[in-house]
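Residue numbers for the sequence shown follow my numbering, beginning at 41 and rising by one.
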Amino acid sequence: MTPEEMATQISELRAGIGRRVAASLAGAGVSRAEGASFTLWFAEDFLGADDCAFLIDTINTDLRPSPILSDDPDADFRTSDSCNLDRWDARVRAIDQRILALMDMRERQGETLQGQRYAAGQYFRPHHDFFHIDQAYWRDQEAAGGQRTWTAMIFLNRPESGGETAFTHAGLTVPPKPGLLLMWDNMDANGAPNPYSTHEGVPVRAGVKYIVTKWFRERDWL
Numbered sequence: 041m042t043p044e045e046m047a048t049q050i051s052e053l054r055a056g057i058g059r060r061v062a063a064s065l066a067g068a069g070v071s072r073a074e075g076a077s078f079t080l081w082f083a084e085d086f087l088g089a090d091d092c093a094f095l096i097d098t099i100n101t102d103l104r105p106s107p108i109l110s111d112d113p114d115a116d117f118r119t120s121d122s123c124n125l126d127r128w129d130a131r132v133r134a135i136d137q138r139i140l141a142l143m144d145m146r147e148r149q150g151e152t153l154q155g156q157r158y159a160a161g162q163y164f165r166p167h168h169d170f171f172h173i174d175q176a177y178w179r180d181q182e183a184a185g186g187q188r189t190w191t192a193m194i195f196l197n198r199p200e201s202g203g204e205t206a207f208t209h210a211g212l213t214v215p216p217k218p219g220l221l222l223m224w225d226n227m228d229a230n231g232a233p234n235p236y237s238t239h240e241g242v243p244v245r246a247g248v249k250y251i252v253t254k255w256f257r258e259r260d261w262l
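Set out below in structure tokens:
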């Protein structure tokens, strides 16, 4: 899908979500970094060491190769391991609720929190979190809550080397830091997919990296 085709997908619903979440984050005093046509919000020490250790232990119990949502998946595109966390576990839900409150999101808009582990040499090539509506998978995703709007991602540890999250088109790079929460809108100001939200998980050069990611839909996620 070209940038011109993305620009035709204007949505007042998604634009309104973007304005609401940005206002909530600004009102809470959350820091932000401005890139090219893109804003990255971040909250340091959002999670303490105990919560990070709990999530790492939980992730390690149920890992499998990370999935790729594409009509023509490339096994070399995303090489990490992932697992979906139990959203009804009391401690996981408490973390979820903190994210929801900060971002002024409804619980039903949020997908299940996903944990990811990147061992040395693993990576995730530059990609978008929004869905491409020209792909066959879109029909099911549209029925299951529609487009992904915001992303929240938390670093749980710091590997020995590498593992940065790089927003390749926006010109921003973030090194892993335990407890650091990143948040960004995958849509532009008009509610259309924003190609400047492109990001990648830079290869881990030494050690292991752990993160958790939560995606939000424009409607209730089913």
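For every residue, glycine included, the Cβ atom is placed at its ideal position computed from N, Cα and C.
Going by DSSP, A63 is part of the alpha helix (DSSP H) stretching over E52 to G67. Of the other Cβ atoms in all chains shown, fewer than 16 fall within 10 Å of the Cβ of S71; this residue is therefore exposed.
Beta bridge pairing from DSSP links P105 with D121. It is roughly 8 Å from the alpha-carbon of D260 to the alpha-carbon of E147. Apart from the 5 residues on each side of it in sequence, W81 sits with its Cβ closer than 6 Å to the Cβ of L65, V70, R72 and M223 in its chain, given in chain order. Around the Cβ of K249, a 10 Å sphere holds 16 or more other Cβ atoms; the residue is buried. As the crow flies, the alpha-carbon of F117 is around 31 Å from that of W128. Counting other Cβ atoms within 10 Å of its Cβ, T101 stays below 16 and is therefore classed as exposed. Taking 3 residues as the minimum length, the beta strand (DSSP E) runs contained wholly in the stretch 115-197 are 121-124, 154-158, 164-167 and 188-195, in order along the chain.
In this chain, the alpha helix (DSSP H) harbouring A93 covers A89 to N100. Looking from the CA of P216, the closest CA among R104, G203 and T48 belongs to G203. Remark: three or more beta-carbon pairs, one from each stretch, lie closer than 8 Å, so the stretch 51-65 and the stretch 143-159 are flagged as touching.
As a beta-bridge residue in DSSP terms, A246 pairs with S201. The distance from the Cβ of P218 to that of C123 is about 19 Å, inconsistent with a contact at the 8 Å cut-off. Separation of A160 and S106 (C-alpha to C-alpha, rounded to the nearest whole angstrom) is 15 Å. The Cβ atoms of G75 and G247 do not sit closer than 9 Å to each other.
Per DSSP, reduced to three states, the secondary structure at S77 is coil, with no helix or strand assignment.
Distance check between Y236 and each of Q187, L103, F78 and G67 places F78 closest, using alpha-carbon atoms only. DSSP places H239 in the uninterrupted beta strand (DSSP E) bounded by H239 to G241.
In the three-state reduction of the DSSP assignment, P216 falls in the coil class. Shortest Cα-Cα distance from I173 to any of L109, F256, A83 and G56 involves L109.
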